[in-house]
Amino acid sequence: MADNCCVSQNDNFICGVVEGFYGRPWTTEQRKDLFQKLKKWGVGCYVYAPKDDYKHRAYWRDLYTVEEAEQLGGLISAARDCGVTLYYALSPGLDMTYSSQKEIATLKRKLDQVAQCGCKAFALLFDDIEPDMSPADKEVFQSFAHAQVSITNEIFQHLGQPKFLVCPTQYCSARAVPNVQNSDYLNTLGSKLAPQIDIMWTGQKVISRSLTTESIREITEVLRRPPVIWDNLHANDYDQKRVFLGPYQGRSPDLISQLRGVLTNPNCEYGANFVAIHTLAQWSKCTSDPPLITHDNESMKLETESDEEGIIDLPENIYHSRRALRIAIKEWIPEFRRQKQAHGPIIKPQPTISIMSPVAIPLASFNTCMATSTTTITTSTSTAPLSLSTTNNVESISSATVNGSPTNVLQTAVAVTLNPPLVIMNSLVSESKVISEPMDCNMSPAPSPQSSDTAMNTDNGSSVSMQVETPSPSVDMVVDVIQDQKHSYERDLTEEDLLLMCDLFYLPFEHGPQSVQYLTEFNWLKSNAYLVSNENLRKSKKKDSTDSKPEIEEWYERAKRMDELTEQVNELFQRLTFSANRELVHDLYPYVWDVRCVISLLNFYVKWLSEGHFPQSITNYTLGSYTWFSKGWKESFMSGDQEPWVFRGGLVADLQRLMPVDAGSDLFIYKPPDTPTNKMYNVRPYTFEDESAVYNICRCTCYTSIDDHSINKSDLPDLIPDRLVGSYLTFSPELCFVVEDNGTVIGYALAALNAKEFYQKLQVSWFPEMCSKYPLDNSTEEIQSASQEIINWFHSFDINQELPDSNALSQHQSVMTYATLPVNNDASVSKRLIICLLAALRANGSFGVHVPLRTKDQQTLEFYTKMGFMEISQGSNLNPGFTYVGRVF
């Protein structure tokens, strides 16, 4: 539709993209590709404002080098050739003294240099800064708003009154003090700012679920002009787990006549923005919503009913988000088939986030504190794009939002802190990559150091002599190219694949229809798993009974459907991995890999539930307190009353919270592969056919726990497996799990529900058999010492020596063991396998597990520590060589 209607209903309507996020900027090559797409789709505006391109914000005073100026000039020329207006934005507000003539001259000199590169449109951004003036400014200006107005008007006149945008410090209703109507700041901007200057506005929130006619009329009245919407609907720089592939929605086309323009500030990953920008372009050419469906309830209806019949036949002037999504996907398909390389390993572009200790999520609201705004190259853990929250306990939370204004939020599911990279980023040196250079360790954390002024001419004239600096040489990067360039039909992504991917990563306040299906199906299967246990009990009492009740048949039918849904995600993952456009694959792969991992985990749990190895009271142990289906959770998520960073992690987090493992958030934290691979590890319940594979793995991995390697070369090949894993496989097979790589078992996790009862069973049934299999040998040969130690253990087993102390055992009643072959190079496999084991234990009423380890086995001890286990007990006086580690869940 966008191609068939390329003339906007308002030729003066500003529509396009603002590259205004935090994190790694786009490359020059990507921006030029964007200009071509904007031309094709009939939208004509791009704002250069990448927060962490260091000469844009942190070092705004520094002039561009000759090389950088050439790159910028080429970018401006490329935009002009496509009919795109490039606004060059500068963010001087972090540390500028507004009353300083030297500072004003520096600002003019910087923008004059950009003008000399051919730029005809400019912007000054005062977002994400403290609203406090320096003592010098307080002596000159009546208020912070007066200071910003003064410098903006002066720069506007100096540049010859070009096209000009300004982003205020109070840029949404939630940031207006005390509110929009009575904000002295906004009223000053509206009355004092030159009327030709356009003012940017994000809506009622930093990220607004919807824009209403009433709210636009209100801000228009205060600003004395219609706003340009800086739309953060698709921005993802506040959450590394989320990318937004859903359509532009929540804004009625009726608003177009009331706005000066709309600029989307989309995902950090350039390739992930095709749908966001394409559907915005479609929206900009429409005039109304579908009949009987408002922009507020359209998404609600679609999410609950998934009814898309008839939307294709709607008139072109009517905007329907799901139709727009379908149209965009059809055009997106060829992008995946473009031959394009990717440079280096997969590194997410968002500011680095480190996960801290897991916390619960009470559904209560409370106020947060004002925080200091800084850019991401500083060492502060204050604000970050669109708010990064920090908390260490259940009782407190600090939501460090943009501009730092107080707001009510829900407590986050996982506490996070900003861990700023010690690098500076430059997107104006190379066409195809962003140069990241290490910062001087002795550098002051203050942005844009004043010392850089000494190299600048403070003359107020417009004549510019470009300062020449020598950029650091770039680092050679590994190139990822697909090895097999011949794609079969089965390897090509389909429209249905992309629709599924978009639904899995939909919008900040809404999961796509297919995402809701995954949530609903798994929750129903988990909540009704008692039917399986009831059926097994019924059949055990009536051995000749073959008929099943309708409800149990429904359970198995829905379990089959869950398996089919999982396979659809597997197919999407495989086809994405084989796509020729490696740059696009790098952008999307980490997200698809992550959601595939968690969905396969849920599917495993359903398969384990289908065997019925749990009590009828399973529901008492497996219903989580804070999930998508908890009272008020979904409503809070979808309402838009909270900023979306409150619900960190999106669909992946909502799926993870359905797994019955409390305090297990650390086990869901894992890094995707550095380069895309189609390898998929499969966790499944153990079967008796796996015994030899498990025994072989035990033999190959036992070196760290057994002193003498020569045991494996002796005539007793099963001695070590019999000692370490055989008893689990024989007496607790329902709590044994294996992980496969392409059908080959490469690891296992085995457990017994109650360690004391388990060892008592072994005394009765296992050790007599082992004593018969391995009779005592009085040989004194040294080579037999380790073997004899194990044999002696079988003959002299003492349950009191094997268990941790009573206090530790009371909280960690289960016992487990784990091993994987070294061929597994995916660090997430260990965590996923252990999560599966813990979830099965939880379903049986266990809330803690322990592992006995040799005290000198530091390698294994270190592994379990990384898995969240802690030392809970030392061995008894009779067994001093052992340490017990455990964790609760």
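The sequence shown begins at 51 in the numbering used here and counts up one residue at a time.
In this text, a Cβ means the ideal position worked out from N, Cα and C, and glycines have one as well.
For Trp678, the secondary structure class from DSSP, reduced to helix, strand or coil, is coil.
Measuring C-alpha to C-alpha distances from Glu540 to each of Asn586, Gln618, Arg81, Asn874 identifies Gln618 as the nearest. A direct Cα-to-Cα measurement between Leu769 and Tyr606 gives close to 41 Å.
Below 8 Å, too few C-beta pairs join the region 369 to 382 and the region 259 to 277 to call them touching: fewer than three.
Rounded to the nearest whole angstrom, the C-alpha separation of Ser880 and Leu581 is 31 Å.
For the pair of segments examined, the region 163 to 183 was found to touch the region 201 to 221: the number of CB pairs separated by less than 8 Å reaches three. By the neighbour-count criterion, in which a residue is buried when 16 or more other Cβ atoms sit within 10 angstroms of its Cβ, Asp827 is exposed.
Runs of the alpha helix (DSSP H) lying entirely within the region 254 to 306 and spanning at least 4 residues, in chain order: 263 to 273.
Between the region 784 to 793 and the region 850 to 857 there are fewer than three inter-stretch CB-CB distances shorter than 8 Å, so the stretches are not counted as touching.
The continuous stretches of beta strand (DSSP E) do not include Asp848, and DSSP gives it neither H nor E.
The criterion of a C-beta distance shorter than 7 Å is satisfied by Ile64 and Gly311. In this structure, the CA atom of Asp848 is about 19 Å from the CA atom of Thr867. Asn894 carries a coil assignment under DSSP once its states are collapsed to helix, strand and coil. Between the alpha carbons of Thr115 and Met146 lies a gap of roughly 22 Å. Residue pairing of Val216 in beta bridges, as defined by DSSP: Leu174, Ile249. Boundaries of the beta strand (DSSP E) harbouring Arg734: 731 to 735, taken from the DSSP string.
From the listed residues Lys158, Leu157, Lys90, Glu601, the smallest Cα separation to Gln332 is found for Lys90. For Phe932, the closest C-alpha among the options Asn792, Pro872, Phe897, Asn850 is that of Asn850. Shown here, Gly700 sits in a helix according to DSSP, grouped into three states. A Cβ-Cβ contact shorter than 7 Å links Val873 with Ile796. Shown here for Asn732: same chain residues with a beta carbon closer than 6 Å to its own, the five before and five after excluded, namely Glu790 in chain order.
For Ile327, the enclosing alpha helix (DSSP H) has its first and last residue at 324 to 334. Separation of Leu543 and Glu585 (C-alpha to C-alpha, rounded to the nearest whole angstrom) is 41 Å. With distances taken between CA atoms, Cys336 lies nearest to Asp304 out of Asp304, Gly321, Pro316.
In the same chain as Gln86, and ignoring 5 residues on each side of it, the C-beta atoms closer than 8 Å to its own belong to Cys132, in chain order. Between Met475 and Arg111, the gap from beta carbon to beta carbon reaches 7 Å or more.
Counting only runs of 3+ residues, the beta strand (DSSP E) found wholly inside the region 771 to 798 occupies 786 to 791, in chain order.
With a cut-off of 8 Å on Cβ pairs, the region 191 to 202 is in contact with the region 213 to 228, counting three or more such pairs. Following the DSSP letters along the chain, one finds Glu69 inside the beta strand (DSSP E) bounded by residues 64 to 69. If you draw a straight line from the Cα of Trp683 to the Cα of Ile602, it comes to about 29 Å. Contact between the region 665 to 678 and the region 624 to 644 is absent: fewer than three C-beta pairs spanning the two stretches fall below 8 Å. Look at the beta carbons and you see the region 646 to 665 touching the region 570 to 578: at least three pairs across the two are nearer than 8 Å. Per DSSP, Gln924 is one residue of the beta strand (DSSP E) stretching across 920 to 924.
Ranked by Cα distance from Gly700, the first of Phe559, Leu779, Ser742, Val97 is Phe559. Cβ neighbours of Asn315 within its own chain (closer than 7 Å, five residues either side excluded): Val68, Gly70, Phe71, Trp280, Asp281, Asn282, Ala285. Around the beta carbon of Asn62, fewer than 16 other beta carbons lie within 10 angstroms, which makes this residue exposed.
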